[in-house]
Amino acid sequence: MTPVHHAPRPAPPAARWLVPVLAALVALAAFAPAARANVSVIDNNKTIDVDCAKDPEVHLLGNHLTVTAKGVCSKITVEGNHTMVTGSAATVHVAGSHNTLTLAAADDVTIDGNSNTVTVRKPIKRKAPRIANTGTDNKVTAPK
423 MTPVHHAPRP APPAARWLVP VLAALVALAA FAPAARANVS VIDNNKTIDV DCAKDPEVHL
483 LGNHLTVTAK GVCSKITVEG NHTMVTGSAA TVHVAGSHNT LTLAAADDVT IDGNSNTVTV
543 RKPIKRKAPR IANTGTDNKV TAPK
């Protein structure tokens, strides 16, 4: 019997474009900037320095923290108590009590907690910082 030779089978349509697309994705991933991280502190009695360029979002759940944020963070959230924060952030949310925030600059500040002291020296992009104070016994100082 004579062997039968068949022509090579054509590649399925998906295989024609899948390999080049995967190669392009791998190349893009190699040149993509590193993802930014965030800082979450779920501890007590700590002193922390944060570089907002590397860690743009700061979430503080502990008590008796001292935090210095360098640069401008995208968001700082304080849910603990007796925390001191110095720095700048586009958005600030204070849900805890007896905290002191001294902000060189901030655009949006929300204070839900009680007995907090928040000072904003200037806005970042707005004409004036937008302050929402729904807590009680809070002391807020900001330009108008």
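Read left to right, the sequence shown gives residues 423 to 566 (the numbering used here). Where a beta carbon is used, it is the ideal one built from N, C-alpha and C, also for glycine.
Considering only the beta carbon of each residue, do residue i and residue j sit closer than 8 Å?
i	j	result
Gly484	Lys468	yes
Val516	Ile533	yes
Ala526	Ser537	no
Ile546	Ala528	yes
Leu487	Glu501	no
Asp530	Ala550	no
Asn560	Val542	no
Ile470	Val489	yes
Between which two residues does the beta strand (DSSP E) holding residue i run?
i	result
Asp529	Thr522 to Ile533
Lys492	Thr488 to Val500
Arg552	Arg552 to Asn555
Lys561	Lys561 to Thr563
Leu483	It is not in any beta strand (DSSP E) - Leu483 carries neither H nor E in the DSSP assignment.
Ser510	Met506 to Val516
Asn460	Asn460 to Val463
Ile470	Thr469 to Asp473
Thr539	Thr539 to Val542
So residue i and residue j are in contact, right, with Cβ under 8 Å, and what is the actual spacing, rounded?
i	j	result
Val461	Val480	5 Å
Val514	Lys492	Contact flag wrong, Cβ pair sits at about 16 Å.
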